[in-house]
Structures are given as C-alpha cells and as structure tokens.
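Heads up: the sequence shown begins at 18 in this note's numbering, then just goes up one per residue. Glycine included, every Cβ here is placed at the ideal spot set by N, Cα and C. One structure is given here, and the rest of the page talks about it.
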Amino acid sequence: MLSLKYLSSYPPELLAQVRQLIDSGRLGTHLETRYPERHDIQTDRALYDFVMELKQRHLRTAPPIHRVSYEARLDVVRNALGLHTTTSRVQGGKLKAKKDIRIAALFKDVPPEFLHMIVVHELAHLRESDHNKAFYRLCDSMLPGYHQLEFDLRLYLTWRDLRQGKT
C-alpha cells in the first residue's frame, strides 16, 4: 500500500481520493493545472525581501527577523514547511534574541502560492509557537485559503516523491 506520509492526518475518505488520483496517474496533471507557474525568488536576499514585505504587511509588531534563507539540509519530512529558530545570548547585562527563518531549498522550484503559504506559516510562529486554533486563524488571515494551499502542498510533496521513486 502506498505511504502518504505528508497526508497522514487527513480523513480516510480524502486519502482514498488522493490514492485514486495517484492510481489513475492524474495527480501531477491535477497539480500542474491548478498551479502552472513557478516563482522567481531564487536567492536568500530575494527571499528575505519577500518575507519582510509580508511581515510588514501583516505582523508589524512581531519581533524582528535577523536572517531568512533557503536551507539545503532541512529534512523535508520533519520540517516540511521550513524552520523558525530563536537564538538567545547574553550581551552585557541584556539577553538578546535573534529570529531566523529557514526554508527547505527544494521550495525554490515550486508554485508561488506554495512559497507564500510556507512563509506565512513560519511568520505565524513569531506570534504563536504552537499549531493551535489561534495559529491557523492567523495563517488564514494573512493568506485566505491557507488550509487548501497547505493540503495542495502536501499533495505536491507526495507527487514529488512518487516521481523520484521515494514512496
């Protein structure tokens, strides 16, 4: 039986529909029809600018972000949507914190909607550390249709693994 590791928390009825798309060979066509374009944010600097523009628009009062980058070594299964980190250190008598956002490098070649969704997800962690209702409300307010995009990204990751023979 085909492993749907990116979709494991979805209802069985939905997984059956996904399996049907895969078995009929239509998953890739379905995704390419819905998301025909690829974004052009290829450098860490361009990614930083994109993230900062979204942060300025939606989270002005959130803590500053020190660094944003594509990361080739991120484990997609554990950190499929990227990684946000906080580094704290003592400087003089004060505690300084730096926030970083790292996005898996494989997301350099995805539709712009998926990159936008990943960035929104990581930005939401500046306000909400847990994946709770408030977190997902914030994601949806920054990007209407967030939940559908997250599901479609998980479909895309499944399709990518199928093409590479990783299932």
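Pick out whichever of the options has its Cα sitting closest to the Cα of residue i.
i	options	result
GLU70	VAL137, PRO53, ALA122 and ALA121	VAL137
TYR52	LEU21, TYR173, TYR163 and ARG177	TYR173
ASP57	ARG144, PHE131, LEU44 and ALA151	PHE131
LEU24	HIS75, PHE124 and HIS164	HIS164
SER86	THR60, CYS156 and LEU21	THR60
ARG177	GLN34, LEU123, SER26 and LEU64	LEU123
LEU143	PRO80, ASP169, LEU64 and VAL35	PRO80
LEU64	HIS133, PRO161 and LYS183	HIS133
Could you give the distance in angstroms between the alpha-carbon of residue i and the alpha-carbon of residue j?
i	j	result
ARG62	ASP117	13 Å
MET159	LEU179	31 Å
ASN41	PRO128	Checking the sequence shown, residue 41 turns out to be Ser, not Asn. SER41 and PRO128: Cα-Cα distance of roughly 23 Å.
ILE82	GLY45	35 Å
GLU167	LYS115	27 Å
ALA2	LYS125	No answer is possible for residue 2: the residues shown for the chain start at 18 and end at 184.
LYS150	ASP157	10 Å
ILE135	ASP169	12 Å
LEU76	TYR153	15 Å
SER26	SER20	12 Å
When burial is assigned at 16 or more other CB atoms within 10 Å of the CB, is residue i buried or exposed?
i	result
ARG119	buried
ALA121	buried
PRO29	exposed
LYS72	buried
GLU54	exposed
ARG43	exposed
LEU31	exposed
THR175	buried
ARG90	exposed
ARG171	buried
GLN181	exposed
GLU49	exposed
ASP147	exposed
Does residue i come out as helix, strand or coil in the three-state DSSP assignment?
i	result
TYR52	coil
VAL85	strand
LYS183	coil
ILE58	coil
LEU32	helix
ASP157	helix
ARG77	coil
ARG43	coil
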